Amino acid sequence: MTNFLVIFVALPLFAAFALPVMARFLKRGFDMLSAVVTGILSLCALCIIFNPPAFPLVYSMGSWQAPFGITWLLDSLSAFMLLVVNGITFFVSVYSINYMEQYTGKWKYYCLFMLMLAGLNGVVLSADIFNLYVFLEITAISSYALIAFGTGAEEVEASFKYMVLGSVASAFILIGIGFLYAKTSTLNMFDMANVLSATGASSKPLLFVSSLFIVGFGLKSALVPFHAWLPDAHPSAPAPISAMLSGLVIKTIGIYALVRIVFNVFGINFVTSQLLLALGGISMFVGVILAIGQWDFKRLLAYHSISQIGYVVCGIALGTPLGVAGGIFHLLNHSIFKSLLFLNAGSVEYATGTRDLKKLGNLQEVMPHTSWTSLAASLSIAGIPPFCGFWSKLVIIIALFQADRPFYASLAILVGIITLGSFLKIQKYVFYRKVKEKFSKIKEAPALMCLSMAGLAVLCFAVGIFFKPFFGKVIMPAAEILIAGKEYFITILGG
Amino acid sequence: MDIVLFLTGFYALLMKRNLIKKVIGFGIMEYAVNLFLILVGYRSSGEAPILDNKASDMLFVDPLPQALILTSIVIGLGVTALMVGLCIRIYQHYGTFDIAEIRRLRG
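Heads up: the protein sequence lines correspond to chains A and B, in order.
This note's numbering applies: residue 1 is where the first sequence begins, and numbers increase by one.
This note's numbering applies: residue 1001 is where the second sequence begins, and numbers increase by one.
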């Protein structure tokens, strides 16, 4: 019964290695494979969400049972993350079909892309801490390679920078895993939660391990003191990869992995929660302040990613039901609208050859589809009702007030206002500003690119409109997993 | 001692200006982490973990970390290879390995 979980990793892995073979025999058409694979996977994820099996589902690899073998876990949180990851990847891979025409060696791109998807799905499903590390490295290594895909001077420089900091992060995570293993003599997350709560109150070693993980995963998810690589790495990648990195990678291998360990294995405590809240607040503020002065379209978006990740962390770190739900909801919304914005930036660059805001202008006449989809995404990120970003920010801000943290709440409101200003600037300079008729000859982006952008824009709107049933049916069950803390994992081991 | 090894690698990875020295620093750091994992599984006067009939009360070293570092070494190899490949590309573009001169992206 639980065997179907395997396809989320096996299918992309199969596709990754089938693609080079296909590319050898077929001149065209192999680029459809990744869209087909991600389409199938996102349909599976949708089925899981709307027709949920009896959660939690535990898959034991090779039938080795829970404390000994590698186990995978499907519950409402990981099902939600699967939907986010595979859904966004589907739109991005549809977009890639046209966009990647400008590059050579397309099959290498798709191969790495599928490996990255396999890694992301693996991180989401894994309930074995070393297995999680391995999938995390698969994702990280393929993203290093994909950032450098253009092999221009800036791409390789950004990729090297990311790689140095990414490998530091991996080393910290691995040391943390080593300490945890030394303490608990197990790698299985359920068993680890069990042993940790049985050995009791010695919270100082646990705090040390938590801080190792916070540094490691904080580097991966670009929280503010650790953010230096992101504004270089994300803009340098090809546009679909920027969308993947900002929309999914920093969340899955950063935020999701961190909160899964901190909440469900360690159990959130006061110090960790304070630390995460402070990191989130700083990220929120510094990211948006640094974004103000940017004139490079994608670089500006990259700084906003840092700021929005701050919102997510702030919400989740509160540990109250509303806060966690708001954080998770914002994670979904951010992955929709930020991927869309990066895809917009990509199609503007595809059509005009530049992403310097000062050189662009008046594109809404020649590129109507890019323009309206970008408007939807900008309104979402700026938090204008009824778009999706408004609701999640509202929930986070209410949760911050409820938890008696008026400082962070007002910070969140302030950052929201600056974000609105910043995106008005993008809209004005790229799409609505009247300039000399320099761009009259350019054409709208190709059909598939428009199609995928339109799909994401409709999602921005639809999630906002159907906020209430969606929030109750999908977000709240996922949030309850985190709130249940380590007792949840202990019950899985027992039952 | 292991932490000294780790910090040496960490220092070289972050502070050295030469890209190749950074890669070497990464290698040292990787080895320190692997050594740490091995030491986690070490029991003093432990035997190799081979179960046979005559010895049931022997003290074994923990075999699991040894299995883990095999994976970790392979990952480290992949990352190092990719890093060196990127260094070659960077040299082709900039004509130098000095990180201070490779600054086309503004902070």
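Note that CB positions come from ideal geometry on N, CA and C, so glycine has one too.
All values derive from a computational prediction rather than experimental measurement.
- [ ] Could you tell me if T104(A) is buried or exposed, where buried requires 16 or more neighbouring beta carbons within 10 angstroms of its beta carbon?
- [x] Taking the first residue of the first sequence as position 1, residue 104(A) is located at position 104. Only exposed fits T104(A), as fewer than 16 other CB atoms lie within 10 angstroms of its CB.
TODO: Helix, strand or coil for F387(A), going by three-state DSSP, please let me know.
DONE: For the purposes of this step, residue 387(A) is taken as residue 387 along the first sequence, with counting starting at 1. In the structure shown, F387(A) sits in coil (DSSP, three-state: anything other than H, G, I, E or B).
Task: Helix, strand or coil at G1107(B) [DSSP, three-state] - done: In the second sequence, counting from the first residue as 1, residue 1107(B) sits at position 107. At G1107(B), the pLDDT of 48 sits below 50, so the modelled position is not reliable; the number obtained from the coordinates is stated separately. In the structure shown, the three-state DSSP call for G1107(B) is coil.
Open item on the list: Check this for me: beta carbons of L496(A) and S339(A), under 8 Å apart or not?
Closed with: Limits of chain A in this structure are 1 at one end and 495 at the other, which puts residue 496(A) out of reach.
Task: chain B contacts made by the stretch 279 to 297 of chain A, where a contact means CB separation under 7 Å - done: The residues in question: there are none.
Open item on the list: In the DSSP output, which residue or residues are listed as bridge partners for V126(A)?
Closed with: Within the first sequence, the letter at position 126 stands for residue 126(A). Checking the displayed sequence, the identity of residue 126(A) turns out to be Ser instead of Val. Answer is W72(A).
Open item on the list: Is there a C-beta anywhere in chain B that falls below 8 Å from the one on F135(A)?
Closed with: Working through the first sequence from its first residue, we reach residue 135(A) at position 135. Put simply, the CB of F135(A) is far from chain B, with every gap to its CB atoms at 8 Å or more.
Task: chain B contacts from the stretch 147 to 179 of chain A (Cβ-Cβ distance under 7 Å) - done: A148, T151, A153, E154, V156, E157, A158, S159, F160, M163, V164, S167, V168, A171, L174, I175 and G178
Open item on the list: For chain B, check one thing: does any of its Cβ atoms lie closer than 8 Å to the Cβ of I465(A)?
Closed with: Sequence index remark: in the first sequence, residue 465(A) carries index 465 (1-based). I465(A) does not count as touching chain B.
Task: Inter-residue Cα distance where the pair is G1107(B) and V348(A) - done: Locating residue 1107(B) in the second sequence gives position 107, counting from the first residue. Locating residue 348(A) in the first sequence gives position 348, counting from the first residue. In this predicted model, G1107(B) has a pLDDT of only 48, less than 50, meaning its place in the structure is not dependable enough to derive any value.
Task: Simplified DSSP assignment, three categories, for V58(A) - done: By one-based count along the first sequence, residue 58(A) stands at place 58. Residue state, collapsed to three classes: strand.
- [ ] Report the residue from F407(A), Y303(A), G416(A) and I177(A) whose alpha carbon sits nearest the alpha carbon of G389(A).
- [x] Mapped onto the first sequence, residue 389(A) falls at position 389. The shortest Cα separation from G389(A) among F407(A), Y303(A), G416(A) and I177(A) belongs to G416(A).
Open item on the list: With a threshold of 8 Å between beta-carbons, can F130(A) be considered close to chain B, or not?
Closed with: Here residue 130(A) corresponds to residue number 130 of the first sequence, with the count starting at 1. So yes, F130(A) belongs to the interface.
Open item on the list: I'd like the list of long-range same chain contacts for I475(A), defined as Cβ closer than 8 Å, with 5 residues on each side in sequence excluded.
Closed with: Along the first sequence, read from residue 1 onward, the residue named residue 475(A) stands at position 475. The residues are F80, A325, I328, F329 and L332.
- [ ] Determine the closest residue to D434(A) out of E365(A), L343(A), A23(A) and F470(A), with distance taken between C-alpha atoms.
- [x] Here residue 434(A) refers to the residue found at position 434 when the first sequence is read from its first residue. Reading off the sequence shown, one finds Lys at residue 434(A), where the question assumed Asp. Ranking E365(A), L343(A), A23(A) and F470(A) by Cα distance to K434(A) puts E365(A) first.
Task: Contact set between I141(A) and chain B, taken where Cβ atoms lie within less than 9 Å - done: Position 141 of the first sequence, counted from the start, is the residue given in the question as residue 141(A). What I141(A) touches in chain B: I1075, G1078, V1079 and L1082.
TODO: Indicate the three-state DSSP secondary structure (helix, strand or coil) for F30(A) in the structure shown.
DONE: In the first sequence, residue 30(A) corresponds to position 30, counting from 1. Here F30(A) sits in coil by DSSP.
- [ ] Report the residues of the stretch 216 to 243 of chain A with a CB closer than 7 Å to any CB of chain B, ordered along the chain.
- [x] D232
Task: Below-8 Å beta-carbon distance, T1071(B) vs any chain A residue - done: Along the second sequence, one-based indexing puts residue 1071(B) at 71. Among the CB atoms of chain A, one or more fall inside 8 Å of the CB of T1071(B).
Open item on the list: Spatial neighbours of K1021(B) within its chain, please: C-beta separation below 8 Å, excluding the five flanking residues on both sides.
Closed with: Working through the second sequence from its first residue, we reach residue 1021(B) at position 21. Taken in chain order, the residues that qualify are A1012.
TODO: Please state whether DSSP places L1019(B) in a helix, a strand or coil.
DONE: Taking the second sequence and counting its residues from 1, one reaches residue 1019(B) at position 19. Residue state, collapsed to three classes: helix.
Task: Unbroken alpha helix (DSSP H) run spanning F17(A), endpoints - done: For the purposes of this step, residue 17(A) is identified with residue 17 of the first sequence, where counting begins at 1. Where F17(A) is concerned, the enclosing alpha helix (DSSP H) stretches over I7 to F25.
Open item on the list: With a threshold of 8 Å between beta carbons, is K1113(B) in contact with chain A?
Closed with: With chain B covering 1001 to 1107 only, the question about residue 1113(B) has no answer from this structure.
Task: Under the three-state DSSP convention, the category E1047(B) falls into - done: Within the second sequence, numbered from 1, the residue matching residue 1047(B) stands at position 47. When secondary structure is reduced to three states using DSSP, E1047(B) falls in the strand class.
Task: W64(A) classed as buried or exposed, judged by whether at least 16 other C-beta atoms fall within 10 angstroms - done: Within the first sequence, the letter at position 64 stands for residue 64(A). Exposed is the call here.
Open item on the list: I'd like to confirm the pairing. Which residues does DSSP put opposite F1060(B) in its beta bridges?
Closed with: Taking the second sequence and counting its residues from 1, the one referred to as residue 1060(B) is at position 60. According to DSSP, F1060(B) bridges with E1047(B).
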